[in-house]
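*Asks:* Residue numbers (the UniProt record's numbering): 1 to 546.
#1: What separation, rounded to the nearest whole angstrom, lies between the Cα atoms of residue 51 and residue 239?
#2: Taking the alpha helix (DSSP H) that residue 243 falls in, what are its first and last residues?
#3: Taking 8 Å as the cut-off, does the region 471-488 touch the region 456-463 (at least 3 CB pairs, one atom from each stretch)?
#4: Could you compute how far the alpha carbon of residue 419 sits from the alpha carbon of residue 205?
#5: Measuring straight from C-alpha to C-alpha, what distance separates residue 235 and residue 227?
#6: Taking only runs of the beta strand (DSSP E) that begin and end inside the UniProt domain "BTB" (116-204), which ones reach a length of at least 3 residues, in chain order?
#7: Do residue 345 and residue 381 have their beta-carbon atoms positioned less than 8 Å apart in this structure?
#8: Applying the 10 Å Cβ sphere with the 16-neighbour rule, what's the burial state of residue 141?
#9: To the nearest whole angstrom, what separates the beta carbons of residue 453 and residue 462, a pair I think is in contact under 8 Å?
#10: Unbroken alpha helix (DSSP H) runs of length 4 or more, entirely within the region 307-366: which are they?
#11: Assuming residue 180 contacts residue 122 (C-beta within less than 8 Å), just tell me the rounded distance between them.
#12: If you check the beta carbons only, do residue 219 and residue 195 fall under 8 Å apart?
#13: Which of the three DSSP states, helix, strand or coil, is assigned to residue 389?
#14: Take residue 408 as the anchor and find which of 390, 491, 100 has the nearest alpha-carbon.
#15: How big is the Cα-Cα spacing for residue 147 and residue 116?
#16: Are the region 410-417 and the region 327-346 touching by the rule of at least three beta carbon pairs closer than 8 Å?
#17: What separation, rounded to the nearest whole angstrom, lies between the Cα atoms of residue 251 and residue 230?
#18: Are the CB atoms of residue 351 and residue 422 within a distance shorter than 8 Å?
#19: In whole angstroms, what separates the C-alpha of residue 184 from that of residue 127?
#20: For the beta strand (DSSP E) that contains residue 484, what are its first and last residues?
#21: When DSSP labels each residue in this structure, what does residue 103 get in the three-state scheme?
#22: I think residue 465 touches residue 489, with their Cβ atoms under 8 Å apart; what is that distance to the nearest whole Å?
#23: Are the beta-carbon atoms belonging to residue 107 and residue 176 less than 8 Å from one another?
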């Protein structure tokens with residue numbers, strides 16, 4: 001371990017081994033940034049994408065060790081033209097580098113909170129992480145502006161305290177605290193190590209978060225390294241699904257959106273190549289079939305080709321699963337398309353664990369959980385078939401408890417909240433598949449309420465947000481004469497541009513209105529304010545239309 005002592009002249013003394021090099025050797029400039037992707041050979045590209053990419057910003061690739069002293073390097077030379085043969089003195093210049101020791105010491109400082117002057121509170125678990133203000137502000141313009149603003153505010157506070165008392169004591173813990181809510185602690189910790197030490201271990205599971213951080217805090221070398229790693233993963237067709245799923249974890253972050261579009265483009269290209277290959281196999285099969293009667297050897301070859309073609313055809317049809325009276329669900333067309341390059345079967349109703357919470361003005365604060373397996377449950381509840389019924393379905397990573405009070409204040413309704421939190425979790429592609437089962441469950445509930453609660457289908461109004469809008473569509477598809485569906489900001493990814501059987505469309509209810517008001521980019525079907533109305537009016541029965 002390198003030992004440090006303080007001298008009167010404030011020199012840093014390091015007990016190290018030294019290695020002599022001549023001045024003619026290659027000059028080593030240690031950069032704090034990511035220079036190029038040449039650290040990764042094409043031979044190892046696939047393996048590195050599947051496991052991890054080590055980016056070292058020092059020219060020395062050896063691991064840091066705290067048990068042994070890291071060698072210093074210096075070079076020296078003598079000027080042969082200075083002095084004569086009798087001179088015993090020589091003019092010597094020396095270059096000393098100890099990048100590893102410097103990085104090792106910074107890591108040590110970061111592990112001791114009392115030596116750090118910046119505190120980050122990170123993630124939902126409120127994990128404390130520490131940093132050095134000088135390094136952060138030097139490496140990032142964003143941090144520099146943040147710290148400068150804090151310094152000005154601190155100076156104003158100091159002046160106010162000075163006016164109140166001449167003996168104001170300085171703050172013993174002048175540490176800046178920054179709240180980081182949008183990132184996981186382990187991702188942000190890796191980011192801090194890179195900013196301070198210039199070394200990082202990059203993996204497919206962390207590259208999306210690091211890319212968003214590098215973009216948000218303006219770290220160009222890390223941003224370039226992330227794109228380098230992503231390009232290699234996509235070119236090797238490795239971890240494409242994982243990269244796509246992680247982009248939804250970071251929502252509308254511009255870097256995540258850019259990566260999402262790039263991943264979709266790559267997946268679409270792969271799907272097109274797969275279709276071309278399937279057509280080519282079919283042509284080969286026809287050709288082999290025509291030559292089947294030529295000779296016995298050709299006949300055997302034809303049989304082998306036929307089996308191969310059948311396997312390809314079966315793989316293209318997708319897989320399916322059935323859940324009792326809810327029916328069967330398949331990943332074949334139209335649920336497999338260019339808009340849905342990565343597809344999953346829906347999980348079981350038990351896994352999704354959808355719950356139906358009934359509220360009325362009679363039990364405003366006492367929820368009644370509807371049990372669809374008990375036919376007497378409806379008659380023993382506060383549900384009334386004479387009242388209109390509002391069914392509310394939430395979206396991705398949400399819950400359905402926001403609208404209940406508003407509806408009951410506005411009118412005398414049966415309000416049923418659909419809580420399918422067990423099926424709306426990451427990854428997003430699995431959540432989109434689960435919406436089909438939730439829609440089937442809602443249709444089953446409506447049928448039960450008609451049979452046991454004397455309700456009429458035209459009195460039902462299903463309101464769905466995001467993925468919940470398409471759940472409403474699946475329920476309406478199974479419920480004849482359903483009164484109304486309202487889609488609030490219907491989810492775009494995996495639904496925009498698909499067949500009407502896949503998404504919410506005007507045929508799913510008597511009245512279907514879709515309201516887009518999220519102001520999101522086009523990939524989520526949003527404009528600044530967009531309201532789309534689909535409806536049918538019997539003009540013969542209307543004298544006046546307001």
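Every residue, glycine too, gets a C-beta built ideally from N, C-alpha and C.
*Replies:* Reading off the structure:
#1: Sequence index remark: in the chain shown, residue 51 carries index 51 (1-based). Sequence index remark: in the chain shown, residue 239 carries index 239 (1-based). Low confidence applies to residue 51: its pLDDT is 45, below 50, so where it sits in the model is not reliable enough to give any reading.
#2: Taking the first residue of the chain shown as 1, we reach residue 243 at position 243. Its alpha helix (DSSP H) spans residues 240-249.
#3: By the criterion of at least three beta-carbon pairs nearer than 8 Å, the region 456-463 is in contact with the region 471-488.
#4: Sequence index remark: in the chain shown, residue 419 carries index 419 (1-based). Sequence index remark: in the chain shown, residue 205 carries index 205 (1-based). Roughly 29 Å between the two C-alpha positions.
#5: Numbered from 1 along the chain shown, position 235 holds the residue referred to as residue 235. Numbered from 1 along the chain shown, position 227 holds the residue referred to as residue 227. Distance between the alpha carbons of residue 235 and residue 227 is about 12 Å.
#6: Within the UniProt domain "BTB" (116-204), the runs of beta strand (DSSP E) at least 3 residues long that lie entirely inside it are, in chain order, 118-122, 127-131, 176-180, 199-202.
#7: The residue you call residue 381 lines up with position 381 of the chain shown. The residue you call residue 345 lines up with position 345 of the chain shown. No.
#8: Here residue 141 corresponds to residue number 141 of the chain shown, with the count starting at 1. Exposed, by the Cβ-count rule.
#9: In the chain shown, residue 453 corresponds to position 453, counting from 1. In the chain shown, residue 462 corresponds to position 462, counting from 1. About 16 Å; that fails the 8 Å criterion.
#10: Given a length threshold of 4 residues, each whole run of the alpha helix (DSSP H) inside the region 307-366 is given here in chain order: 349-352.
#11: Counted from its first residue, the chain shown places residue 180 at position 180. Counted from its first residue, the chain shown places residue 122 at position 122. Confirmed, about 5 Å.
#12: Locating residue 219 in the chain shown gives position 219, where the first residue counts as 1. Locating residue 195 in the chain shown gives position 195, where the first residue counts as 1. In this structure, residue 195 lies closer than 8 Å to residue 219 by Cβ.
#13: Indexing the chain shown from 1 puts residue 389 at position 389. Residue 389: strand per DSSP, three-state reduction.
#14: Position 408 of the chain shown, counted from the first residue, corresponds to residue 408. Ranking the options by Cα distance to residue 408, first place goes to 390.
#15: The residue given as residue 147 occupies position 147 in the chain shown. The residue given as residue 116 occupies position 116 in the chain shown. Spanning the two alpha carbons is a distance of roughly 14 Å.
#16: Judged by Cβ distances under 8 Å, the region 410-417 makes no contact with the region 327-346, as fewer than three pairs qualify.
#17: As a position in the chain shown, residue 251 is number 251, starting the count at 1. As a position in the chain shown, residue 230 is number 230, starting the count at 1. Taking the straight line joining both Cα atoms gives about 18 Å.
#18: Numbered from its first residue, the chain shown carries residue 422 at position 422. Numbered from its first residue, the chain shown carries residue 351 at position 351. Yes, Cβ-Cβ distance for residue 422 and residue 351 is below 8 Å.
#19: On the chain shown, residue 184 is found 184 positions in, with the first residue counted as 1. On the chain shown, residue 127 is found 127 positions in, with the first residue counted as 1. Cα to Cα, residue 184 sits roughly 9 Å from residue 127.
#20: Within the chain shown, numbered from 1, the residue matching residue 484 stands at position 484. In the DSSP assignment, residue 484 falls within the beta strand (DSSP E) that extends over 484-488.
#21: Translated into positions along the chain shown, residue 103 becomes position 103. Helix at residue 103.
#22: One-based indexing of the chain shown puts residue 465 at position 465. One-based indexing of the chain shown puts residue 489 at position 489. Sure, about 6 Å apart at Cβ, within 8 Å.
#23: In the chain shown, residue 107 corresponds to position 107, counting from 1. In the chain shown, residue 176 corresponds to position 176, counting from 1. In this structure, residue 107 lies away from residue 176, with their beta-carbon atoms at least 8 Å apart.
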